[in-house]
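Just add 121 to wherever you are in the sequence shown, counting from 1, and you've got our numbering.
Just so you know, even glycine gets a beta-carbon here, dropped at the ideal spot from N, CA and C.
What follows is a single structure, written as structure tokens, with notes after it.
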Amino acid sequence: MSATPREGAPLSPFAGLRIEPMTTVERVAEELRRSLFEGELEPGTPLREVAIADALGVSRSTVREALGVLVAEGLADRLPNRGTQVRRLDSAQVADVCRARVVVESAGVRRWPDAAEEERQELRDALSAYSDLRGSDCTTAEFVAAHLRIHRALAGLAGSSRLLAFVDGLHAEVRLALAEVDRARGNAAEQVHSHSHLLDLLEAGDTEAAAAELAAHLEEAEESMTDEVERRLRAE
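Right under this line is the structure:
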């Protein structure tokens, strides 16, 4: 029970703070995400409701709802008569997504001169947040989310909410593959430098050079992710 402020006492600066407690479904989904991004559950792994419910001490219905969240996020697939499993992409699918990213993110980069200031600032803020994670003990999921926030901000320069919705769908498809690569690389400093250089080119007004830098970055990402997917498939 909260205390009643004394009459005339200054209002606490924290008086308006509120938190929304996570539901059990959200907690289960978050734990499954962590396990996926940390590589504990590999692509193709069956996500069995009973086993997960027993491991986490929750009901099967809670697990079922949490798995539905992962399916909606593109992290898991629900297969007819086979249940739910961790999403598995082949190298052709990864390459297709990466090429689509080049098109939509380049459109944003080329619109930098006409982009709204809040759209430009979102890119700066995203890069700053990504840089702050360098050398930290953040999880792979947090690192990947910060990485993709930069690329979402690049697409956001186009000023189209529909385009951003499309980008979110593309990112959902490659988050697991990107997590595998970022875990294996461990080259946060190099990634921060690459993205910083791209922003420097934009700030200097050289949008074509920035677009070329972005294309090279995404081509390298495509190669790394497809190599990782093919390596995993060979190991199975």
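Membership of Asp198 in the beta strand (DSSP E) is indicated by the continuous run 197-200. Following the DSSP letters along the chain, one finds Gly277 inside the alpha helix (DSSP H) bounded by residues 261-277. Following the DSSP letters along the chain, one finds Gly189 inside the alpha helix (DSSP H) bounded by residues 181-193. For Asp321, the closest C-alpha among the options Glu186, Arg245, Leu291 is that of Arg245. A residue is called buried when at least 16 other Cβ atoms come within 10 angstroms of its Cβ; Leu200 does not meet this threshold and is exposed. Glu294 sits close to Gln214, with the two beta carbons spaced by under 9 Å. Taken through DSSP and simplified to helix, strand or coil, Gly229 comes out as helix.
Check the Cα spacing between Asp253 and each of Leu162, Ala237, Val313: the tightest is with Val313. Take Val350, set aside five residues on each side of it, and the residues of its chain with a beta-carbon closer than 7 Å to its own are Leu210, Asp211, Ser212, Val215, Ala298, in chain order.
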